[in-house]
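Data block below; observations after.
There are 4 protein chains.
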Amino acid sequence: MSFNAYFHEVAAEVRNWGRWGDDDRIGTLNLITPEAIAAAAASVEHGRAVSLAIDLKHDGVQIGQIPTRINPVHVMGTIDHADLGDPDGKAMVPHFSDDMVTMGLQAGTHWDGLSHVSYDHKLYNGIPASTITARDGSTVLGVEHVKALVGRGVLLDIAGSKGLGRLPDNHEVTATDLDEAAAWAGIEIQPGDIVLIRTGRMQYYLEGSAQTYTMGEAGTADSPGPGIDAVRWFRRHDIAAAATDTYMFEVFPPSDWDNALAVHCLAVVDMGFTQGQNWHLEELAEVCKEYGRHSFFLNATPEPFVGATGAPVVPVAVF
Amino acid sequence: MSFNAYFHEVAAEVRNWGRWGDDDRIGTLNLITPEAIAAAAASVEHGRAVSLAIDLKHDGVQIGQIPTRINPVHVMGTIDHADLGDPDGKAMVPHFSDDMVTMGLQAGTHWDGLSHVSYDHKLYNGIPASTITARDGSTVLGVEHVKALVGRGVLLDIAGSKGLGRLPDNHEVTATDLDEAAAWAGIEIQPGDIVLIRTGRMQYYLEGSAQTYTMGEAGTADSPGPGIDAVRWFRRHDIAAAATDTYMFEVFPPSDWDNALAVHCLAVVDMGFTQGQNWHLEELAEVCKEYGRHSFFLNATPEPFVGATGAPVVPVAVF
Amino acid sequence: MSFNAYFHEVAAEVRNWGRWGDDDRIGTLNLITPEAIAAAAASVEHGRAVSLAIDLKHDGVQIGQIPTRINPVHVMGTIDHADLGDPDGKAMVPHFSDDMVTMGLQAGTHWDGLSHVSYDHKLYNGIPASTITARDGSTVLGVEHVKALVGRGVLLDIAGSKGLGRLPDNHEVTATDLDEAAAWAGIEIQPGDIVLIRTGRMQYYLEGSAQTYTMGEAGTADSPGPGIDAVRWFRRHDIAAAATDTYMFEVFPPSDWDNALAVHCLAVVDMGFTQGQNWHLEELAEVCKEYGRHSFFLNATPEPFVGATGAPVVPVAVF
Amino acid sequence: MSFNAYFHEVAAEVRNWGRWGDDDRIGTLNLITPEAIAAAAASVEHGRAVSLAIDLKHDGVQIGQIPTRINPVHVMGTIDHADLGDPDGKAMVPHFSDDMVTMGLQAGTHWDGLSHVSYDHKLYNGIPASTITARDGSTVLGVEHVKALVGRGVLLDIAGSKGLGRLPDNHEVTATDLDEAAAWAGIEIQPGDIVLIRTGRMQYYLEGSAQTYTMGEAGTADSPGPGIDAVRWFRRHDIAAAATDTYMFEVFPPSDWDNALAVHCLAVVDMGFTQGQNWHLEELAEVCKEYGRHSFFLNATPEPFVGATGAPVVPVAVF
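Chains as they are written, first to last, in this note's numbering: chain A, 271 to 589; chain B, 271 to 589; chain C, 271 to 589; chain D, 271 to 589.
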């Protein structure tokens, strides 16, 4: 198994190396302009904010495939404790409760940072993968460089546009799917848009099965999601970032095993594309329907873990 | 030491128990209206977003006072790893890097949730502190109930309004200070505002000393911050939430030791007030000066840890 | 469900509260005398040491029933790192690799400490369960008080003595079983013995299934192990401690649901008995057979975590 | 800075590569024979067991030099919890408390495993350092291969033999020191001995200062400990393993900066020597004095973390 000629052809087509300089740290996020942010804010009508994050808890979406990508283990460090003492047990003094967590940074709703994916031992912009070390993490392309990530969010409800509750487990989201969903929503895609691709897959988890959510009904990891064709569409439209309501992000299995997980490589490594997974788009889809619009102001700033290859995010859409 | 008559008098004055029903989970955050959110969004002119979070890293602001409130320990779980195998070492296949963190939820820039503080073994709304358990955390007032926290943010630059780089280490921020800073900024405070109180304290940390940041120059934990008078002001103005650029939030030492840490109790327990610490307000102050305005659209949604008594947040101000 | 009259009768019979003073911290471990230790050491003939611990790793015996009892998550903190610098990349300077772990203290081969079990909100010796706090753990009966745990170990191979590879999934180990296994092994039980009860259950895990190991073949948590009758036998013989090669320690389901998990309560709370789980007794059984003897010198000192209610241990039997 | 000619000369002298085969995993631990173990056990007279571990707790010996080598953070996962339910609050049903820990594997009393040290990107036996990966840890020389580590322990009380409470902060322990301490103790060193070198340094920690323990009185990391000369002595005497009561193990600063941390490299990489740090030898020294003998049966089996480059140990000496 090794990427084939078609992969390399597309890689050359979508590659953004050098486009924002050799010292760039954020790739396609550069495409979000102040004008786009201001316009997105100006579009707010109702003052309604919708969180697109799943709850962080020990029985989250992870089922153990990746040893260290563990669901959040939340523990209390103190409970109702009198930090300044309470010798008489009177309790009419301040008491505190405090907590701690251990978790995979990509355990819940998250962004893949630009250093999450490599091939040929290279990251985005040709940075060597060896710049990621056990001691310091990603020393060049850490997720902390994102600072703030706000702009216009666009929901492309692929399942909804096809009249489906959710897409079949192995449905490849194509450029045509994306165009049709935009048309169905009456949206014109703009450079710098942050595209949220709804497949309906998250329903499995919300209905109680992390297992089906991650592995599909057949238990073979089949998943709907963007294929190579969609990556070309992202590049053609100069999309700033995209997220899905799936575990995998990209379609699985691939149409061609030579190009397995090619979307991750083309998007993150070649384009310098920030991509999100495990986003909760169900309520969002309802609200978009309610207001008859599929674009909104979006804040999706990742937690600034220094040297991290990805990070938790609580995306908030404002209508 | 036990809270004195003045404390109880103020407690009665500011208490919001029952105001939003017995089943309320978010206290003064109820004061943020859709209208306020829409107006804040409409105020965006420049499309400029400013993060108010400090970086999350092992050499953060914690110096070990609270055993489990540890700075983020970030580790790599995989580096440049071929998940699907790379038997020939060709590397022209996808490789991944992934990471994990262990941290106190209140280690960096964070909100204190409503279950962080108790006295008389009671939380906000009279909920028993015993609803917090080692197994499940805060079973009634967990921070996950906040969902989305957006609205109008207001910077009250107390240091700036006094022409100081930073306030003296034990300066009590009073109602007068708050009023003067609002007047200096030309801001009229509105119900539902999220107030960010700048003392300049964060400079110690940014200049390299977590020790001075947390303990003050004398090493005695002295800190500028709101006193009881300010809590009354928060209540009088129906402020939704407040945050400071300090470790402590409230002034220390207290003017009266009977009422040590009284602000935490009055604000969180009696008012049901969400309060933030370790916020990075330096760049924000510069930007406010640059644009000649001290209000902005603010998204400060906490990470939704279920049962948590506080949570990390990346506040983003948009101008 | 509530403990019935039989339970309380046995509780009165086996209770050791006050036997070693009100300030005792180690319960039946007091029964191990210097003479017994010296005799056990003197019995060593072959100089062969056998570890009774399972490996500590992310795919260990835990399958997620207890949120925080997670399998060891082992991560590297540095890899081949030049702590003193390696500016020229010459590498002919010292490099270091270092690691970190997060785990449930009872995730692998472990002892239950005396504060692991309570009923009627009381621990061994009548100590209130409230002496265990989120901040400090078990402030009276922490496992660190054990210091050293060495003595004579005795393998009672219940499965072997019955000519079975392993016991049926719900087999209750009775006093008769224990006596028969001792007779089969030619062992005379002595006060202060540390009894290792082999059921063969560990084979499921060693053959690859943590699921069957913990839940049994029917997936209902059925497990062979000591019942109430065996606790009476432990007490009658003044056994110092006992361990099994099972997840549960005691038989499950109980013969009487009123007394579910009664063995834990009678042994740990009433007797002050240290009990072990997930011990690897397969190689030990082979070695006992090879040498024709079922007693040995045993070191099973728990890791001294302060305030812990249980601890990892690498038991080593020496022949 | 790069190792000089003397280093390479000694490396050639002490190197054990290939001595126990190319597939060897344990180096000098091969030197412990069954006869030595049996003889050590036979030497037990008093049945007295002494732990040589410091307590594992959040205020342990680590002061933050190595980001992930954190002191044990012990937290409760459940406290007095009725796993099977306690609907009536009767509590006369089983309740459980359970805990979790996050720690550097070399945070407390530990062994350095054979993969802890490398130079020229090579580990013991010439194994490439690249066999240590973020995902799997040390895939060849993980500490789990040790299985059981028992044998004759010998206390060489360097401080005591010189009539000192503790050695000066930068005292190099030489071959002469080791010989004199052996003579003072009336011990004849034998192949396969496990040598415990007491400097008295641990007293700083036991008296309350982790800072002085790790950094010395001058705060410059000066530490007594074996120098290169001592490594040659270890090799000449075919010592199986050695441990000290210091943070560093070896003397610091080095007599020659070209050879900084050379002892780690010569011992672990060239000899394949297992070395221990942060051992508590104070009580041991007292007991040796009391019984008039400085050798004992020692069990010092590391916790079997798979792929680990070091591991916690509770060494127990039995007299």
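Even for Gly, the Cβ is constructed at its ideal location relative to N, Cα and C.
- Taking a contact to require three or more Cβ pairs closer than 8 Å, the stretch 501–513 of chain B and the stretch 286–305 of chain B qualify as touching.
- Fully contained in the stretch 456–524 of chain C are the following alpha helix (DSSP H) runs of length 4 or more, in chain order: 472–476, 480–485, 498–506.
- Within its own chain, the residues whose Cβ lies closer than 6 Å to the Cβ of alanine 352 of chain C, once the five positions on either side in sequence are excluded, are Val363, His365, listed in chain order.
- Any Cβ of chain C closer than 8 Å to the Cβ of alanine 306 of chain D would place that residue at the interface, and such an atom is present.
- In the three-state reduction of the DSSP assignment, histidine 344 of chain B falls in the strand class.
- Within the same chain, Cβ atoms closer than 7 Å to the Cβ of methionine 370 of chain D are found at Val345, Gly347, the five residues on either side in sequence being excluded.
- Secondary structure of leucine 448 of chain A (DSSP, three-state): helix.
- Annotated as proximal: aspartate 368 of chain A and threonine 579 of chain B, with beta-carbon spacing under 8 Å.
- The Cβ-Cβ distance between leucine 437 of chain A and alanine 570 of chain A does not fall below 8 Å.
- Alanine 306 of chain A is classed as buried because its beta carbon has at least 16 other beta carbons within 10 Å across all chains shown.
- A contact between stretches requires three or more CB pairs, one per stretch, nearer than 8 Å, and the stretch 469–485 of chain D meets this requirement with the stretch 422–442 of chain D.
- When C-beta atoms of the stretch 532–547 of chain B are compared with those of the stretch 536–553 of chain A, fewer than three pairs fall below 8 Å, so the two segments do not count as touching.
- Taking a cut-off of 8 Å for Cβ pairs, the stretch 484–503 of chain A and the stretch 400–416 of chain A do not touch, as fewer than three such pairs fall below it.
- In the DSSP assignment, leucine 425 of chain B forms a beta bridge with B/Leu466.
- Around aspartate 447 of chain B, the same chain offers Ile428 as residues with beta carbons nearer than 7 Å, after the five sequence neighbours per side are excluded.
- The DSSP-derived three-state label of phenylalanine 589 of chain A is coil.
- Cβ-Cβ distances below 8 Å link aspartate 382 of chain A to Gln376, Phe519, His534, Val538, Thr544, Gln545, Gly546, Gln547, Thr579, Gly580 in the same chain, with the five nearest sequence neighbours on each side left out; the list follows chain order.
- Interface criterion met: the Cβ of leucine 531 of chain C is under 8 Å from a Cβ in chain D.
- Taken through DSSP and simplified to helix, strand or coil, isoleucine 402 of chain C comes out as strand.
- DSSP, reduced to helix, strand and coil, places proline 304 of chain B within a helical segment of the structure shown.
- If you look at histidine 328 of chain B, you'll find it isn't in any alpha helix (DSSP H); DSSP assigns it neither H nor E.
- Taking the Cα positions, aspartate 406 of chain D is about 6 Å away from glycine 577 of chain D.
- Residue pairing by DSSP places proline 357 of chain A in no beta bridge whatsoever.
- For asparagine 529 of chain A, the secondary structure class from DSSP, reduced to helix, strand or coil, is helix.
- Taking C-alpha positions only, leucine 476 of chain D is separated from leucine 551 of chain D by approximately 11 Å.
- For isoleucine 324 of chain D, no chain B residue has a Cβ inside 7 Å of its Cβ, as the nearest lies near 17 Å away.
- In this structure isoleucine 333 of chain D touches glutamine 481 of chain D by the C-beta definition: roughly 6 Å separates them, less than 8 Å.
- Taking a C-beta distance under 8 Å as the contact criterion, valine 501 of chain C and leucine 466 of chain C do not qualify as a contact pair.
- For tyrosine 389 of chain B, the number of other beta carbons within 10 angstroms of its own is at least 16, and it is reported as buried.
- Counting only the Cα atoms, asparagine 395 of chain A lies some 13 Å from alanine 282 of chain A.
- Exclusion of the five residues before and after proline 572 of chain A leaves Trp381, Val413, Val416, Ala581, Val583 as the residues of its chain whose Cβ lies within less than 6 Å of its Cβ.
- Shown here, leucine 299 of chain D sits in a helix according to DSSP, grouped into three states.
- The Cβ-Cβ distance between valine 588 of chain B and phenylalanine 575 of chain B does not fall below 8 Å.
- Between alanine 352 of chain C and chain B, the shortest Cβ-Cβ separation is not below 8 Å.
- Per DSSP, reduced to three states, the secondary structure at tryptophan 549 of chain C is coil, with no helix or strand assignment.
- In this structure, proline 337 of chain A keeps its C-beta atom at 8 Å or more from the C-beta atom of valine 331 of chain C.
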